[in-house]
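The next block holds one structure in the form of structure tokens; read it before the comments.
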Amino acid sequence: MPNLLLRSLSHTASACIFLLLSACSEAPAQSLATAANTPGESHTNLPATIIPAASEQLSFADWRALLRSDAIAAGIEPELFDRAFAGVSPNPEVLAADSSQPEFTRPVWEYLDGAVSPARIARGRSLLAQQRDNLTRIERRYGVDGEILVAIWGLESNFGSNIGNHNVIRSLATLAYQGRRQVFWRSQLLAVLQILQHGDITPERLIGSWAGAMGQTQFMPTTYNQHAVDFDGDGRRDLWNSSTDALASAAHYLQASGWQQGQPWGFEVLLPGDFDYSLADPENRRSLAEWTRLGVKPVNTSMSMASASPATLLLPAGHRGPAFVLLSNFRSILKYNNSTSYALAIGLLADGLRGGAGVHGSWPRSDRQLGRSERIELQTLLAQNGLEPGPADGIIGANTRKAVRAFQQRRGQPADGYPSYELLEQLRNY
Numbered sequence: 025m026p027n028l029l030l031r032s033l034s035h036t037a038s039a040c041i042f043l044l045l046s047a048c049s050e051a052p053a054q055s056l057a058t059a060a061n062t063p064g065e066s067h068t069n070l071p072a073t074i075i076p077a078a079s080e081q082l083s084f085a086d087w088r089a090l091l092r093s094d095a096i097a098a099g100i101e102p103e104l105f106d107r108a109f110a111g112v113s114p115n116p117e118v119l120a121a122d123s124s125q126p127e128f129t130r131p132v133w134e135y136l137d138g139a140v141s142p143a144r145i146a147r148g149r150s151l152l153a154q155q156r157d158n159l160t161r162i163e164r165r166y167g168v169d170g171e172i173l174v175a176i177w178g179l180e181s182n183f184g185s186n187i188g189n190h191n192v193i194r195s196l197a198t199l200a201y202q203g204r205r206q207v208f209w210r211s212q213l214l215a216v217l218q219i220l221q222h223g224d225i226t227p228e229r230l231i232g233s234w235a236g237a238m239g240q241t242q243f244m245p246t247t248y249n250q251h252a253v254d255f256d257g258d259g260r261r262d263l264w265n266s267s268t269d270a271l272a273s274a275a276h277y278l279q280a281s282g283w284q285q286g287q288p289w290g291f292e293v294l295l296p297g298d299f300d301y302s303l304a305d306p307e308n309r310r311s312l313a314e315w316t317r318l319g320v321k322p323v324n325t326s327m328s329m330a331s332a333s334p335a336t337l338l339l340p341a342g343h344r345g346p347a348f349v350l351l352s353n354f355r356s357i358l359k360y361n362n363s364t365s366y367a368l369a370i371g372l373l374a375d376g377l378r379g380g381a382g383v384h385g386s387w388p389r390s391d392r393q394l395g396r397s398e399r400i401e402l403q404t405l406l407a408q409n410g411l412e413p414g415p416a417d418g419i420i421g422a423n424t425r426k427a428v429r430a431f432q433q434r435r436g437q438p439a440d441g442y443p444s445y446e447l448l449e450q451l452r453n454y
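Now the structure itself:
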């Protein structure tokens, strides 16, 4: 979901965090941390009543009564609030999903195998043809090409066939009452009440993901209020039942996120044998012309490297895997969902819809992936060696990759910042 999906909850994960989402050709390819990766977070301007956490002895009924007062003060009709909350109680399954910290995540290549599968590409091409007139009008209005929009549609909801089956009010109420980041969830809950009051959908039909992401493009409520559009002209912003509204809303979101019309998201490149892999850093932006002078060449020779556009280099599986040059539109996709793996999948799926040949380089499929406890150990050992990886939380972000590069440079190894099991073994014996 666009940072929608919990999109970029208040997690500001680095563009290099690989939230390896579970994906297959039959289901949306979304992050395991759904709540942290939904189209852009924004907060609803509502009364600032402090509602104590559940642990501070408020019953759910008392908590709901306080919320009702604030919602009414913000303009929500009492009858609507009562209708939306009729029979609502906390959902233990939602709490379990919110607190889940899986030991293992899928490597990027396994995620891409599902997200950019032949079946998904074939289905996407068929829908691209069916939606061509709508997509042409949307592109004319918002400047975002149809292949990118269909790719988002495919990954977020399997082209509208899987929009979730959770009662959104119940899910958000559960998270606002007992979950982590209760202030964030409360803002989403109040925002969804505004959507109901606007008349876009009824409480009985308001379904979505366990984290409250809604519709065929999985918008969070605050993002919905900012970026959902009624593009089919029926008087409602209906992201559940109108693919036209859903696609146009995704385009509106990307436009607001700085999408550059006519520019690619990026492309795969070849690197020279003596390349300095430490340059593959999201903070190291150089013009395509500069990358060319360093020996970087596009796999697809029709791609121009003469532009002055700033670009970064991505090595999603380290120096033994494929390499990609990323342009500003990649960062726009990251604002939709702050996962590098997700953004890469969107770009590659869009390329596949255009007839692209897929990834040229080989993935290091024999690599053993680090579990969460091993990632924490890696960070702890890096810190013990004075390399400042940040907190030992098992999340491989920019600071951890920087520390890995420093250790690799200390050892005279390719400084790609890739946290491999081999590197963990070296740290254990260092």
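Numbering (this note's numbering), first residue to last: 25 to 454. Note that beta-carbon positions come from the ideal geometry of N, C-alpha and C, so glycine has one too. Since the model is a prediction, treat every value here as computed from it, not as a measurement.
Report the CB separation of residue i from residue j in whole angstroms; it is logged as a contact under 8 angstroms.
| i | j | result |
| --- | --- | --- |
| T246 | Q212 | 6 angstroms |
| K321 | L303 | Contact flag wrong, Cβ pair sits at about 15 angstroms. |
| A152 | G170 | Residue 152 is actually Leu in this sequence, not Ala. Sure, about 6 angstroms apart at Cβ, within 8 angstroms. |
| N249 | S195 | 17 angstroms between Cβ atoms; not a contact. |
| R144 | G178 | 6 angstroms |
| D440 | L339 | 5 angstroms |
Please report the residue range of the alpha helix (DSSP H) in which residue i lies.
| i | result |
| --- | --- |
| A270 | 267–280 |
| F105 | 102–108 |
| F208 | 206–222 |
| P142 | 142–154 |
| L451 | 445–452 |
| L350 | No alpha helix (DSSP H) contains L350, which is instead part of the beta strand (DSSP E) from 347–350. |
| P116 | 116–123 |
| G255 | Going by the sequence as given, residue 255 is Phe instead of Gly. Taken as a continuous stretch (DSSP letters only), F255 belongs to no alpha helix (DSSP H), as it is neither H nor E. |
| D375 | 364–377 |
| Q202 | 192–202 |
| L406 | 396–408 |
Could you check the C-alpha separation between residue i and residue j for me, to the nearest Å?
| i | j | result |
| --- | --- | --- |
| P102 | H222 | 14 angstroms |
| D417 | S281 | 29 angstroms |
| V140 | G376 | 8 angstroms |
| D224 | W264 | 10 angstroms |
| A47 | A427 | Note that A47 scores 34 on pLDDT, short of 50, meaning its location in the model is unreliable; the coordinates nonetheless yield the value given after this. Answer to the nearest angstrom: the Cα atoms are 30 angstroms apart. |
| D137 | A341 | 14 angstroms |
| N361 | W87 | 31 angstroms |
| D305 | Q408 | 23 angstroms |
| S328 | S363 | 27 angstroms |
| A59 | A108 | At A59 the pLDDT is 40, less than 50, meaning the model places this residue with poor confidence; the figure from the coordinates comes in the next sentence. Distance between the alpha carbons of A59 and A108: 22 angstroms. |
| E398 | P346 | 25 angstroms |
| P131 | G236 | 26 angstroms |
| L406 | G414 | 9 angstroms |
| S183 | E163 | Here the sequence assigns Phe to residue 183, which means Ser is not the residue at that position. Looking at the two C-alpha atoms, the distance is approximately 18 angstroms. |
| Q125 | A330 | 44 angstroms |
| Y366 | K359 | 11 angstroms |
| N453 | F208 | 43 angstroms |
| S123 | R204 | 8 angstroms |
Taking C-beta to C-beta, are residue i and residue j nearer than 7 angstroms?
| i | j | result |
| --- | --- | --- |
| L351 | A374 | no |
| P296 | R344 | no |
| G188 | I219 | no |
| W234 | H190 | yes |
| F348 | G290 | yes |
| L312 | S326 | no |
| E180 | T241 | yes |
| A270 | I176 | no |
| A215 | Q206 | no |
| L402 | F431 | no |
| V253 | T198 | no |
In terms of residues, what are the limits of the beta strand (DSSP E) holding residue i?
| i | result |
| --- | --- |
| L337 | 334–338 |
Output the residue ranges of the alpha helix (DSSP H) runs that lie fully inside the segment 282–330 and measure 4 residues or longer, sorted by chain position. 312–317
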